[in-house]
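Structure record follows, encoded as structure tokens.
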Amino acid sequence: AMCFAFLVIFHELQLSLSHGIEFNVTKDGKLCLYADLKLTFKVTYEDLDNQVTVFALTDDADSTKSTCDPMHSILMLNFGAGHSFTMSFSKIGEGYEADVFSFTYNLGDPVHFPNSKSKDPSTAMGVLDIKNIGMDTCYSCKSEDLIESGDVNITLWDVLIQAFITLKYNTTTLAPNTTTLAPNTTTLAPNTTTLAPNTTTTTVPTTTPVPTLPVPSTGNYSIRADENGTVCLLANFGLRIGTKGEEMNLDPNRANVSGSCAVNSSELILASKEMTIKFTFTNDTKKFRLHALSISVSTGNFSAENSSLNLWETSIGSSYMCNKEQTFNITDTLTIYTFSLHVQPFGVNKGVFSTAHECSVDDTSILVPIIVGAALAGLILIVVIAYVIGRRKTYVGYQTL
Numbered sequence: 364a365m366c367f368a369f370l371v372i373f374h375e376l377q378l379s380l381s382h383g384i385e386f387n388v389t390k391d392g393k394l395c396l397y398a399d400l401k402l403t404f405k406v407t408y409e410d411l412d413n414q415v416t417v418f419a420l421t422d423d424a425d426s427t428k429s430t431c432d433p434m435h436s437i438l439m440l441n442f443g444a445g446h447s448f449t450m451s452f453s454k455i456g457e458g459y460e461a462d463v464f465s466f467t468y469n470l471g472d473p474v475h476f477p478n479s480k481s482k483d484p485s486t487a488m489g490v491l492d493i494k495n496i497g498m499d500t501c502y503s504c505k506s507e508d509l510i511e512s513g514d515v516n517i518t519l520w521d522v523l524i525q526a527f528i529t530l531k532y533n534t535t536t537l538a539p540n541t542t543t544l545a546p547n548t549t550t551l552a553p554n555t556t557t558l559a560p561n562t563t564t565t566t567v568p569t570t571t572p573v574p575t576l577p578v579p580s581t582g583n584y585s586i587r588a589d590e591n592g593t594v595c596l597l598a599n600f601g602l603r604i605g606t607k608g609e610e611m612n613l614d615p616n617r618a619n620v621s622g623s624c625a626v627n628s629s630e631l632i633l634a635s636k637e638m639t640i641k642f643t644f645t646n647d648t649k650k651f652r653l654h655a656l657s658i659s660v661s662t663g664n665f666s667a668e669n670s671s672l673n674l675w676e677t678s679i680g681s682s683y684m685c686n687k688e689q690t691f692n693i694t695d696t697l698t699i700y701t702f703s704l705h706v707q708p709f710g711v712n713k714g715v716f717s718t719a720h721e722c723s724v725d726d727t728s729i730l731v732p733i734i735v736g737a738a739l740a741g742l743i744l745i746v747v748i749a750y751v752i753g754r755r756k757t758y759v760g761y762q763t764l
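This is the structure in structure tokens:
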């Protein structure tokens, strides 16, 4: 692509420009994603008090777990003692955009998080504002972009990125085909309406039917402890979310999957163009449960979080399953609907689900005593009614002497 010649020329001329760390992602021996960027991370964490640590993306960052697909690509940068930064890209029409990011930091890293109370990984995520980039075009931005997500502030600058590379490398091109976006710039066309004089316009109200969403497809998700490790988390489900009167399905075929596993907590992060969802599971050595759920939606900049949940609970060494649709009110503004749910965030053996604990709506065994009890109650009622009617007839049959 044209931007690569630009980079080669700059290196050959040895211009003293400020460059970040360079990453080349290949598929089948061909370059498919290129990135040159700088990142710093500012994290507030808890020890005896609230502490703040600041560190940068290091030169030893590894992009080998990045992926390129025809419609979706992921830049995953692993660095330091268990830290990672991920950006996902989606092809949209004749261009592409960056969807979401996630930053996983290891609170057990003694260098950056000394005396941290927690030793488990934690994840921050959000939506990126890198949109409308033409195919075979680089995105370039020298300005600092501050991204805030909970206890984490991420600064991204000196960025040069190209996803979905299709053109052959062209060393004769002298100028890059780049898209440079100025920060915080928005131009809106005026909304103008012109009416002829003495003209009356009557608008007839119309009713637009609300479309019914189909049942969401079931996604099959898994997390490994490390690149060559065994599966430590399994989850299968279809998911729909409801936010402020709107509902949307998560498309598992367009979701990027990431997460982490630790002794007492595990995370599953699903990121698509429309939304990013993080499930946090905890265990107390005997049972596990869904403890926290956070979500950010790209449309309308909606976000919600609840870190005091007690859902999908069952014993360690078992899995939790509920085939029927379930509805969970996570916050006042967020509802999730699950379909064909099956999860096991701890104690996965040989990459398959353990014996399932079925939810109450699936457990038909409790229907038997209910049916028997209802039948007995009905029978007793019939006997009582028959007895009362019989007594009345007997009483009418006698005459007073």
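In case it helps, this note's numbering puts the sequence shown at residues 364 to 764. Even glycine gets a Cβ: it sits at the ideal position worked out from N, Cα and C.
Distance, residue j Cα to residue i Cα
| i | j | result |
| --- | --- | --- |
| residue 407 | residue 498 | 38 Å |
| residue 470 | residue 445 | 9 Å |
| residue 642 | residue 617 | 18 Å |
| residue 433 | residue 478 | 44 Å |
| residue 823 | residue 597 | As shown, the chain starts at 364 and ends at 764. That puts residue 823 outside it, with no answer to give. |
| residue 741 | residue 664 | 55 Å |
| residue 472 | residue 594 | 23 Å |
| residue 584 | residue 388 | 24 Å |
| residue 693 | residue 610 | 14 Å |
| residue 589 | residue 666 | 29 Å |
| residue 417 | residue 426 | 22 Å |
| residue 649 | residue 713 | 21 Å |
| residue 428 | residue 511 | 25 Å |
| residue 465 | residue 625 | 18 Å |
| residue 669 | residue 513 | 13 Å |
| residue 691 | residue 636 | 23 Å |
| residue 630 | residue 709 | 11 Å |
| residue 746 | residue 738 | 12 Å |
| residue 415 | residue 504 | 27 Å |
| residue 722 | residue 623 | 26 Å |
| residue 430 | residue 421 | 21 Å |
| residue 419 | residue 638 | 27 Å |
| residue 599 | residue 608 | 26 Å |
| residue 437 | residue 476 | 27 Å |
| residue 689 | residue 390 | 40 Å |
CB contact flag (residue i, residue j, <9 Å)
| i | j | result |
| --- | --- | --- |
| residue 672 | residue 640 | no |
| residue 442 | residue 412 | no |
| residue 454 | residue 386 | no |
| residue 656 | residue 586 | no |
| residue 654 | residue 685 | no |
| residue 490 | residue 508 | no |
| residue 488 | residue 659 | yes |
| residue 621 | residue 500 | no |
| residue 403 | residue 518 | yes |
| residue 474 | residue 405 | no |
| residue 496 | residue 456 | no |
| residue 525 | residue 396 | yes |
Integer-rounded CB distance, given that residue j should sit under 8 Å from residue i
| i | j | result |
| --- | --- | --- |
| residue 681 | residue 718 | 6 Å |
| residue 486 | residue 632 | 6 Å |
| residue 778 | residue 480 | The chain is shown only over 364 to 764; residue 778 falls outside these bounds and no answer can be derived. |
Where residue i falls, given that 16 or more other Cβ within 10 Å makes a residue buried
| i | result |
| --- | --- |
| residue 606 | buried |
| residue 393 | exposed |
| residue 506 | exposed |
| residue 751 | exposed |
| residue 461 | buried |
| residue 748 | exposed |
| residue 661 | buried |
| residue 615 | buried |
| residue 711 | buried |
| residue 484 | buried |
Close beta carbons around residue i, own chain, < 7 Å, minus the five adjacent residues each side
| i | result |
| --- | --- |
| residue 447 | 439, 440, 441, 467 |
| residue 579 | 601, 602, 603, 612, 613, 702 |
| residue 743 | none |
| residue 675 | 652, 653, 683, 706 |
| residue 764 | The pLDDT assigned to residue 764 is 48, lower than 50, so where the model puts this residue is not dependable, and the model offers no usable value. |
| residue 493 | 460, 461, 502 |
| residue 576 | 603, 610, 612 |
Neighbourhood of residue i by C-beta distance below 6 Å, restricted to the same chain and skipping five residues each side
| i | result |
| --- | --- |
| residue 677 | 683, 720 |
| residue 634 | 451, 463, 619 |
| residue 754 | none |
| residue 383 | 399, 400, 401, 521 |
| residue 591 | none |
Other residues of its chain near residue i: CB distance less than 8 Å, five sequence neighbours each side excluded
| i | result |
| --- | --- |
| residue 435 | 451, 452, 453, 454, 617, 619 |
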